[in-house]
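Residue numbers (our numbering): 1 to 544.
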């Protein structure tokens, strides 16, 4: 519309245009100059809209010098078209406009005006200094200044020239926003150091928190439980929690079990953990299992296993093979919790690792977010745990079937008496529970021979140790076992396959005087007579 007179409605329509290009901005400013040259005045809505658009399109101010020149022309004509915030933006883009803008408005430097000073570079600091020197400063509301982050130069300037009244609430504001140098300067003019400052700092998002905490500790503020709790529960400082927590410990803070759990859940390892006297129990180990992080030695886990668990992520196959360790379940579950880890899992399985239901769960969680799959698996898992009983690391039996099988054992024992020629009578007593711990009734010699070290094992475990020993020593022939000399306590050189369980059970009674002395029995055939008598006696007692 250049060359034509523009009315108020047309100008306001242009100002309200959604997007201003550099070209649009030049046209609008020319029309604004024509508008006031023809004797019209800007309405408050025009000024408000203009300031909003200029702030949104502030790049125009330094990419197009002609735009800034036209704004200065409007100011020189006596039209106050800029608000405080836009004035600061224009001054920052062109320091030469300071005098014109400040003289035009005769701005009073107060807390509201200062709240717009959010540039923190040195160039901005020099401009702020010039503004302060040109104008008087009048602060009424101290806290209003800290609604936005200000250039530290401004805060220091206001403190040094006594424009800020330093009270304890201002110290708390400073401690959440600035570094220790600003805090130290403020304390010279007011406020006191106390534990409440430490708590405020630990609950803030100040990136200078470490230096602030160190400053407080160096000035006789002691670490407290409340402050440390605020620190470890602060969601704004996850990246800085490690160094800040260790700073507390360096200055003598006594870590608690619950706080160690919290730090471990964030994968933070504390050095020299033993000096805090914290017992790492099963609950702690569950936290480690959940996040696949094992920072400390455990009494019931060998250090080699911990090292293996900490490297069960992709592309560590050579290390696993080199270590020659049989992976435990925790290690298998850890490996299943990584994507693209098939080769590592295969290596672990080849090294003796076993896949269990927890491995399946971690794999499902990792590879699908389908709620239907997750729900079905969770319900299946609940059913499995409710209906089945784990009797071995690799054997699962229905709970109901356990009772049914015990009843079947009694019936079968009775049938043995009638079908002695067809069915081998078991030496295992009817009331013997194969799931109970039998460690104490195994002789030291046999434990040594079989390599038994764990303190808890049932008959199923013991049988597996014996059969592994037999297989490793090539004792199995076509229809019998050649008994190794180390385990030949019954003077039988050969055991037929059907007497294997009798022979294995007899090893439990070796040098054990609590029941019949098996050492005095010549062979396994004679043992049958002892069992027959015991079974008959049991049947008579049962009938009575």
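Glycine included, every Cβ here is placed at the ideal spot set by N, Cα and C.
As the structure is a computational prediction, the values presented were derived from the model and not from experiment.
Helix, strand or coil for residue 494? Go by DSSP, reduced to three states. Along the chain shown, read from residue 1 onward, the residue named residue 494 stands at position 494. Three-state DSSP puts residue 494 in a strand.
Can you confirm whether the stretch 355-363 touches the stretch 330-338 when touching is taken to mean that 3 or more C-beta pairs between the two stretches lie within less than 8 Å? With a cut-off of 8 Å, the stretch 355-363 and the stretch 330-338 count as touching, because enough Cβ pairs lie within range.
Considering only DSSP beta bridges, list what residue 482 is partnered with. Residue numbering aside, residue 482 sits at position 482 when the chain shown is read from its first letter. DSSP, once it has assigned bridges, lists 494 as partnering residue 482.
With DSSP collapsed to three states, give me the class of residue 36. Here residue 36 is taken as the residue at index 36 of the chain shown, counted from 1. Three-state DSSP puts residue 36 in a helix.
For residue 479, which residues from the same chain have a beta carbon less than 8 Å from its beta carbon, with the 5 sequence-adjacent residues on both sides left out? In the chain shown, residue 479 corresponds to position 479, counting from 1. Counting only Cβ-Cβ distances below 8 Å, and skipping sequence neighbours, we find 496 and 497.
Contact under 7 Å by Cβ, residue 67 with residue 87: Taking the first residue of the chain shown as position 1, residue 67 is located at position 67. Taking the first residue of the chain shown as position 1, residue 87 is located at position 87. Result no, Cβ atoms of residue 67 and residue 87 do not sit closer than 7 Å.
Residue 471 to residue 481 span [Cα, whole Å]: For the purposes of this step, residue 471 is taken as residue 471 along the chain shown, with counting starting at 1. For the purposes of this step, residue 481 is taken as residue 481 along the chain shown, with counting starting at 1. When rounded, the distance between both Cα atoms is 10 Å.
Hey, would you say residue 170 sits closer than 7 Å to residue 198, going by beta carbons? Within the chain shown, the letter at position 170 stands for residue 170. Within the chain shown, the letter at position 198 stands for residue 198. Result no, Cβ atoms of residue 170 and residue 198 do not sit closer than 7 Å.
Going by DSSP, what residue range makes up the alpha helix (DSSP H) through residue 217? Along the chain shown, one-based indexing puts residue 217 at 217. Counting along the chain, the unbroken alpha helix (DSSP H) around residue 217 starts and ends at 209-218.
Straight-line gap, residue 76 to residue 185 (C-alpha atoms, nearest Å): Mapped onto the chain shown, residue 76 falls at position 76. Mapped onto the chain shown, residue 185 falls at position 185. Pairing residue 76 with residue 185, the inter-Cα distance amounts to about 41 Å.
How far does the alpha helix (DSSP H) with residue 503 in it extend, from its first residue to its last? Position 503 of the chain shown holds residue 503. Where residue 503 is concerned, the enclosing alpha helix (DSSP H) stretches over 500-508.
Runs of alpha helix (DSSP H) lying entirely within the stretch 71-126, each at least 4 residues, in chain order: Runs found: 84-93, 98-105 and 111-114.
Between the Cα of residue 448 and those of 465, 146, 435 and 150, spot the shortest distance and give me the residue it belongs to. Stepping through the chain shown from its first residue, residue 448 is reached at position 448. Nearest of 465, 146, 435 and 150 to residue 448, Cα basis: 465.
Rounded to the nearest angstrom, how far is the Cβ of residue 255 from that of residue 270, given a contact under 8 Å? Along the chain shown, read from residue 1 onward, the residue named residue 255 stands at position 255. Along the chain shown, read from residue 1 onward, the residue named residue 270 stands at position 270. Their Cβ separation, rounded to whole angstroms, is 7 Å, which keeps residue 255 and residue 270 in contact under 8 Å.
Any chance the CB of residue 353 is under 6 Å from a heavy atom of the ligand ATP? This structure lacks the ligand ATP; in fact it carries no ligand of any kind.
Express the C-alpha separation of residue 42 and residue 9 in angstroms, rounding to a whole number. Taking the chain shown and counting its residues from 1, one reaches residue 9 at position 9. Taking the chain shown and counting its residues from 1, one reaches residue 42 at position 42. Their Cα atoms are separated by approximately 11 Å.
Using CA atoms only, rank isn't needed, just tell me which of 370, 344 and 352 is closest to residue 327. Here residue 327 refers to the residue found at position 327 when the chain shown is read from its first residue. Closest by alpha carbon: 352.
Bridge partner(s) assigned by DSSP for residue 476: Along the chain shown, read from residue 1 onward, the residue named residue 476 stands at position 476. Per DSSP, 481.
Please classify residue 298: does DSSP put it in a helix, a strand, or coil? Working through the chain shown from its first residue, we reach residue 298 at position 298. Strand, per DSSP.
One or two residues paired with residue 137 in a DSSP bridge: In the chain shown, counting from the first residue as 1, residue 137 sits at position 137. Looking at the DSSP output, residue 137 sits in a beta bridge with 109.
Going by beta-carbon coordinates alone, are residue 195 and residue 176 separated by less than 7 Å? Working through the chain shown from its first residue, we reach residue 195 at position 195. Working through the chain shown from its first residue, we reach residue 176 at position 176. Their beta carbons are not under 7 Å apart, which means residue 195 does not touch residue 176 by this criterion.
Using the Cβ count rule (16 or more neighbours within 10 Å means buried), how would you classify residue 461? Within the chain shown, numbered from 1, the residue matching residue 461 stands at position 461. That one is buried.
Have a look at 206, 164, 204 and 205 and flag the residue whose alpha-carbon is nearest the alpha-carbon of residue 191. The sequence position of residue 191 within the chain shown is 191, counting from 1. The shortest Cα separation from residue 191 among 206, 164, 204 and 205 belongs to 164.
Exposed or buried, residue 13, counting other C-beta atoms within 10 Å across all chains shown (16 or more means buried)? Position 13 of the chain shown, counted from the first residue, corresponds to residue 13. Burial call: exposed.
By alpha-carbon positions, which one of 292, 151 and 83 ends up nearest to residue 268? Along the chain shown, read from residue 1 onward, the residue named residue 268 stands at position 268. Restricting attention to 292, 151 and 83, the CA atom closest to the CA of residue 268 is found in 292.
Let me know if residue 111 comes out buried or exposed under the rule of 16 or more other beta-carbons within 10 Å of its beta-carbon. By 1-based counting over the chain shown, the position of residue 111 is 111. It counts as buried.
Under 7 Å Cβ to Cβ from residue 514, same chain only, skipping five residues before and after it: list those, please. Along the chain shown, read from residue 1 onward, the residue named residue 514 stands at position 514. Because the pLDDT at residue 514 is just 38, under 50, the model does not fix this residue reliably, and the value given afterwards should be weighed accordingly. Non-local C-beta neighbours of residue 514 in its own chain, meaning closer than 7 Å and more than five positions away in sequence, are absent.
Are the beta-carbon atoms of residue 60 and residue 22 separated by less than 7 Å? Counting from 1 along the chain shown, the entry for residue 60 is found at position 60. Counting from 1 along the chain shown, the entry for residue 22 is found at position 22. In this structure, residue 22 lies closer than 7 Å to residue 60 by Cβ.
Host alpha helix (DSSP H) of residue 345 (start-end): By 1-based counting over the chain shown, the position of residue 345 is 345. Its alpha helix (DSSP H) spans residues 342-350.
Using C-beta distances below 7 Å, list every residue in its chain close to residue 568, excluding the 5 sequence neighbours before and after it, in chain order. Residue 568 is absent from the model: the chain starts at 1 and stops at 544.
Hey, quick one: how far does the alpha helix (DSSP H) through residue 289 stretch, first residue to last? Here residue 289 is taken as the residue at index 289 of the chain shown, counted from 1. Taken as a continuous stretch (DSSP letters only), the alpha helix (DSSP H) holding residue 289 covers 282-291.
According to the neighbour-count rule (16 or more other Cβ atoms, all chains shown, within 10 Å of its Cβ), is residue 155 buried or exposed? Counting from one through the chain shown, the residue named residue 155 turns up at place 155. Residue 155 should be labelled buried.
Measuring alpha carbon to alpha carbon, tell me which of 49, 44, 52 and 81 ends up nearest residue 33. As a working note, residue 33 is residue 33 in the chain shown. That would be 81, whose Cα lies nearest to the Cα of residue 33.
Taking all protein chains shown into account, do 16 or more other C-beta atoms lie within 10 angstroms of the C-beta of residue 380, making it buried, or fewer, making it exposed? Reading the chain shown from its first residue, position 380 is the one you call residue 380. Residue 380 is classed as exposed because its beta carbon has fewer than 16 other beta carbons within 10 Å across all chains shown.
Cβ-based burial, residue 344 [other Cβ within 10 Å; buried from 16]: If you number the chain shown from 1, residue 344 lands on position 344. Residue 344 should be labelled buried.
Could you work out which residue in 123, 281, 106 and 107 is closest to residue 93 when comparing CA atoms only? The residue you call residue 93 lines up with position 93 of the chain shown. Considering only 123, 281, 106 and 107, the residue with the shortest C-alpha distance to residue 93 is 123.
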